[in-house]
């Protein structure tokens, strides 16, 4: 069963999702290497649409709101 028909999510928002994995640069005020040994993951942001069931504005992914 296709979930987009039940949830109201357009199909283009469910498939082909991209994520960017990167190591952030150091702060300009930081000279040492402490707290620089982590990676970040950032999901692509996609436009929003109106949910036909509730009339609310919806987003394709909750992960886009999360920084890891």
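Residue numbers (the working numbering): 1173 to 1240. Note that beta-carbon positions come from the ideal geometry of N, C-alpha and C, so glycine has one too.
- Close CB contacts of residue 1205 within its chain, under the 6 Å cut and outside five residues either way in sequence, are absent.
- Put simply, of 1203, 1227 and 1212 the residue whose alpha carbon is nearest the alpha carbon of residue 1194 is 1212.
- Residue state for residue 1205 is assigned as coil, using DSSP reduced to three classes.
- The Cβ-Cβ distance between residue 1190 and residue 1214 does not fall below 7 Å.
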